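Input: a single structure, listed below in structure tokens.
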Amino acid sequence: MPDPYLRARAADIHDLAQQVLALLADAPEAAMPDNVPFILVARDLYPLRAATLPANCLAVVLADGDPHSHAALLCQAAQRPYYSGAGDAVLALTDGEHIQITRASGEIRRLP
């Protein structure tokens, strides 16, 4: 879908459909780390998950995502840095790996 606004709204509808399917299937939610600061790295983030991110989530980095999405707006409202379109390479990061994000450019690099 070429229009970014319509693409973001389509993602919202997809999120709603996934929520309904998860409820019908009684599927468990993915766990978030407790009491440990973390950066959420994922392919995409839907509004419900963005709205319920815990305070110890310091930033969101998405391989895909959309800067016009409701998830982006919710992160911005929570003053949580949100980086979309980082590419598939971020999905190779492992739990506990340390990274540095340059806020101005969105550049992400692994730390030793």
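For what it's worth, UniProt numbering labels the leading residue of the sequence shown as 1, then goes sequentially. C-beta atoms are modelled at their ideal positions from N, C-alpha and C, and glycine is treated no differently. Just so you know, these numbers come straight off a predicted model, no measurement behind them.
- Under DSSP, VAL36 shares a beta bridge with no residue.
- Secondary structure of ARG80 (DSSP, three-state): coil.
- Collapsing the DSSP output to three states places LEU111 in coil.
- Using a Cβ distance threshold of 8 Å, VAL41 and VAL61 count as a contacting pair.
- The beta carbons of ALA59 and ILE13 sit no closer together than 8 Å.
- Spanning the alpha carbons of PRO54 and ASP3 requires a straight line of approximately 31 Å.
- The region 83-95 makes contact with the region 65-72, as at least three CB pairs between them are under 8 Å.
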